[in-house]
Amino acid sequence: MSEAATADDWRRLVFDETVAGFLLVDQLGNVIGANAWARRMFGFAAEEAIVGQPLSRLLPEASTVAGGSDHGLQGVRYDGARFSVDAHFSSITRDGEPILLVTIIDLRDASAEETALIARAQELERVNERLARFAFVASQDLQEPLRKIADFGDLMEEAISRGAREEIVHANSVMRFSALRARALVQDLLSFSRIVNDELELAVLDLREAIAFSLAAVSPTIAETSARVEIDLPEVCITADATQFQRLVQNILANAIKYRKPGRPAAIDIKGFCDETSLCLAIADDGIGFEAQYAQKIFEPLKQLHSKVDYPGSGVGLAICKAIADRHGWRLSVEAEPGVGATFFIVLPLGETG
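Below you can see the structure in the form of structure tokens.
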């Protein structure tokens, strides 16, 4: 291959693959060449269709002064639709003849990219705030079990020196329980961190199948507590990270079973309501409920409304649910009444099935 041919191929590659529209315009003001981006921008299927078009039709407001630039011009597509562009005009030579090279940037693409970057930056800021808040609260909660381990370690040492067996057994029991509590907190912190940091693997999911997976995950607890679960769901699809969606539903189900009324198995209803574009998933229980004023607090990390003695746990399950909903752009809320129960609502868009 000759050097001239190689240079021509290189220029053609740059001309066709650069993410900008290029138009070549002759001295009469007519288009004599266009790259793929320019053709798509103006709605022409092939180069032959755009060749011969007057530049004044495509960019009626353009100044066409070589070396100049026009910002915020109105481009006109083949079908007459208008869109905003920036254009730069350069004089070049082709086969000894001067022609105009018009470089065009579609501001719709630039605006969409800028919007996406801003949204991503805002999401990262929210993620960092959640992690910082969670880490702070977790560090405070860790103080209690670590303090108990230290205190009862001293008591055990003293009891050993005196041969007080019952005190040794008691101190060992408290230290073991505190160590397990500390480990659970650390594991919850890692789990929460993964939820807010891992890349979402979005897929179209059958709603009924996804709910079935969540139920299977808590089926041992359902069987152990004789909980009753009723399901009434439409045949629809959603777009979600399968693992995270199932985790969200699983945590809400586990919460309903955990906070059931004493001496009674939990009764849980899972229903779905659709309009043309969205789904409202409602998960209701007949448990102990809570005051309406705490409807937002229960989604805060490590926040528990009820006694840790009666209802042991770290208080991270619903915070994970909120993080999953936020990452997907869904709305998660709850309504409750003491002694009546709670209903969690997840509003999310329907998935594309085609």
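Residue numbers (this note's numbering): 27 to 380. Even glycine gets a Cβ: it sits at the ideal position worked out from N, Cα and C.
Rounded to the nearest whole angstrom, the CA to CA distance from R173 to K284 is 28 Å.
Among the bridge pairs identified by DSSP, T129 is matched with F48, H114.
For A236, the closest C-alpha among the options A293, V262, G179 is that of V262. Segment contact: the segment 212-221 against the segment 189-201, fewer than three CB-CB distances shorter than 8 Å; contact not assigned.
A buried status is given to Q270, since no fewer than 16 other beta-carbon atoms sit within 10 Å of its beta-carbon. Within the same chain, Cβ atoms closer than 8 Å to the Cβ of Q272 are found at A236, F239, S240, A243, the five residues on either side in sequence being excluded.
L81 is a Cβ neighbour of V57, given a cutoff of 8 Å. C-alpha of G367 to C-alpha of T251: approximately 17 Å in a straight line. Boundaries of the alpha helix (DSSP H) harbouring D352: 343-354, taken from the DSSP string. For the 8 Å CB-CB criterion, G315 and E363 form a contact.
In its chain, beyond the 5 residues on either side, D96, F115 have a beta carbon closer than 8 Å to the beta carbon of S89. Around the beta carbon of D132, 16 or more other beta carbons sit within 10 angstroms, so the residue counts as buried.
Within the model, the alpha-carbon separation for S187 versus E170 is close to 26 Å. Between the C-alpha atoms of R207 and L168 there is a straight-line separation of about 8 Å.
In the structure shown, the three-state DSSP call for Q100 is strand.
Linking Y320 to A292 through their CA atoms gives a straight-line distance of about 21 Å. Its chain contains E193, I194, A197 as the residues whose beta carbon lies nearer than 7 Å to that of A185, once the 5 sequence neighbours on both sides are disregarded; these appear in chain order. L305: member of the beta strand (DSSP E) spanning 304-311, first to last residue. Within the segment 177-228, the runs of alpha helix (DSSP H) at least 4 residues long that lie entirely inside it are, in chain order, 191-223. Of R191, W63, A71, G289, the smallest CA-CA separation from T129 is found for W63. The shortest C-alpha to C-alpha distance from R353 to any of D232, A310, S219, Q53 is the one to S219. Under DSSP, L358 forms a beta bridge with I372. DSSP places R286 in no alpha helix (DSSP H); its state is neither H nor E. With fewer than 16 other CB atoms across the displayed protein chains lying within 10 angstroms of its CB, S245 is exposed. The Cβ-Cβ distance between I278 and F371 does not fall below 8 Å. In the DSSP assignment, I264 falls within the unbroken beta strand (DSSP E) covering 263-267. Per the coordinates, the alpha-carbon of G101 lies some 11 Å from the alpha-carbon of G69. The DSSP assignment places complete beta strand (DSSP E) segments of no fewer than 3 residues inside the segment 53-95 at 57-60, in order along the chain.
Following the DSSP letters along the chain, one finds E250 inside the alpha helix (DSSP H) bounded by residues 245-251. In the three-state DSSP reduction, I314 falls in the coil class, being neither helix nor strand. Distances from the CA of E74 to each of N61, R83, P86, I324 were compared; the closest alpha carbon is that of N61. Within the same chain, Cβ atoms closer than 8 Å to the Cβ of R120 are found at L50, the five residues on either side in sequence being excluded. DSSP places P327 in the coil class of the three-state scheme, outside both helix and strand.
Looking at the DSSP output, V275 sits in no beta bridge, so it has no partner there. Boundaries of the beta strand (DSSP E) around V255: 254-258.
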